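Everything on this sheet refers to the single structure shown next.
In full-length UniProt numbering, the protein residues as written are 1 to 265.
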């Protein structure tokens, strides 16, 4: 087995076990340059095994496969924290908001206890439990069927909850976003609830780290035109930027430390 193939075997095992790898970690583990790792990852992406991301790669899987919630929490965690910090800047005291059940939305929710007056409605058990000791935050957990691996609600009861409520802002977090398909989710039940919340919100703010951009999951949530703001950590491809601009969606890029942030209107 050649040296290149040995490296790729190591990368395959690493990404199969964790779902994600970073260029810096692989370069250190394999004692090669980061340029060599990037070349390996590009070749493996062409083979259909993985999807390149900013600083690494994630496993390429079927569109309906939903990685475990705990594993998704660790993917691109720094980027999710940056996105969450930026998202907070769009909030005002007294807002009535819906907060989605994804891992980026969870990072956003961690920051909301700094507010003194909010009404928060969410299908996420994880998120609803964060505000038990904050007297200024009124929390509504949508009922329904519990998705045990996700700690979130779906189904008829969930839908009926959101049918009767309206929001100033919805902080949306989906599995994927592409110019061709718009926002998509792993399962159709999740997508249905998100569509309903969007239709009942004055403004929808999408929170999407760069690993989700340019990808398509199983079930369509909405089109790009159905959101007002996209917050991410890295510049999308030109096709997606063009669609965002054509639909008057604000692109707010909050990059990692040392890189210049960008606001595209």
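The C-beta atom is built at its ideal place from N, Cα and C for all residues, glycine as well.
No experiment lies behind these values; they were computed from the predicted model shown.
Whole-angstrom C-beta distance between residue j and residue i, which should lie under 8 Å
{"i": "residue 101", "j": "residue 119", "result": "That belief does not hold up - the Cβ atoms of residue 101 and residue 119 are roughly 17 Å apart, past 8 Å."}
{"i": "residue 98", "j": "residue 167", "result": "5 Å"}
{"i": "residue 232", "j": "residue 210", "result": "6 Å"}
{"i": "residue 214", "j": "residue 240", "result": "7 Å"}
{"i": "residue 243", "j": "residue 179", "result": "5 Å"}
Span separating the alpha-carbon of residue i from that of residue j
{"i": "residue 237", "j": "residue 136", "result": "41 Å"}
{"i": "residue 160", "j": "residue 131", "result": "23 Å"}
{"i": "residue 52", "j": "residue 147", "result": "29 Å"}
{"i": "residue 203", "j": "residue 186", "result": "23 Å"}
{"i": "residue 37", "j": "residue 25", "result": "10 Å"}
{"i": "residue 84", "j": "residue 109", "result": "8 Å"}
{"i": "residue 59", "j": "residue 19", "result": "5 Å"}
{"i": "residue 192", "j": "residue 221", "result": "7 Å"}
{"i": "residue 218", "j": "residue 190", "result": "11 Å"}
{"i": "residue 250", "j": "residue 143", "result": "32 Å"}
{"i": "residue 223", "j": "residue 80", "result": "22 Å"}
{"i": "residue 23", "j": "residue 56", "result": "5 Å"}
{"i": "residue 64", "j": "residue 14", "result": "Residue placement at residue 64 is flagged as unreliable, the pLDDT there being 47, under the threshold of 50; a coordinate-derived value is accordingly withheld."}
{"i": "residue 253", "j": "residue 145", "result": "35 Å"}
{"i": "residue 208", "j": "residue 229", "result": "11 Å"}
{"i": "residue 44", "j": "residue 32", "result": "17 Å"}
{"i": "residue 158", "j": "residue 34", "result": "47 Å"}
{"i": "residue 27", "j": "residue 234", "result": "22 Å"}
{"i": "residue 162", "j": "residue 77", "result": "29 Å"}
Among the options, the one whose alpha carbon lies nearest that of residue i
{"i": "residue 226", "options": "128, 86, 134, 205", "result": "205"}
{"i": "residue 198", "options": "45, 170, 183", "result": "170"}
{"i": "residue 176", "options": "103, 29, 82, 42", "result": "103"}
{"i": "residue 90", "options": "76, 77, 255, 111", "result": "111"}
{"i": "residue 304", "options": "164, 17, 3", "result": "Any answer about residue 304 is impossible in this case: the structure gives the chain only from 1 up to 265."}
{"i": "residue 87", "options": "96, 107, 94", "result": "107"}
Counterpart residues of residue i in DSSP-defined beta bridges
{"i": "residue 213", "result": "177"}
{"i": "residue 53", "result": "56"}
{"i": "residue 231", "result": "207, 252"}
{"i": "residue 269", "result": "An answer regarding residue 269 cannot be provided, because it is not within the stretch 1 to 265 covered by the chain."}
{"i": "residue 185", "result": "219"}
{"i": "residue 15", "result": "In DSSP, residue 15 forms no bridge with anything."}
is_contact[residue i, chain C] using C-beta, thresh 8 Å
{"i": "residue 117", "result": "The displayed structure is made up of one protein chain only, and chain C is not part of it."}
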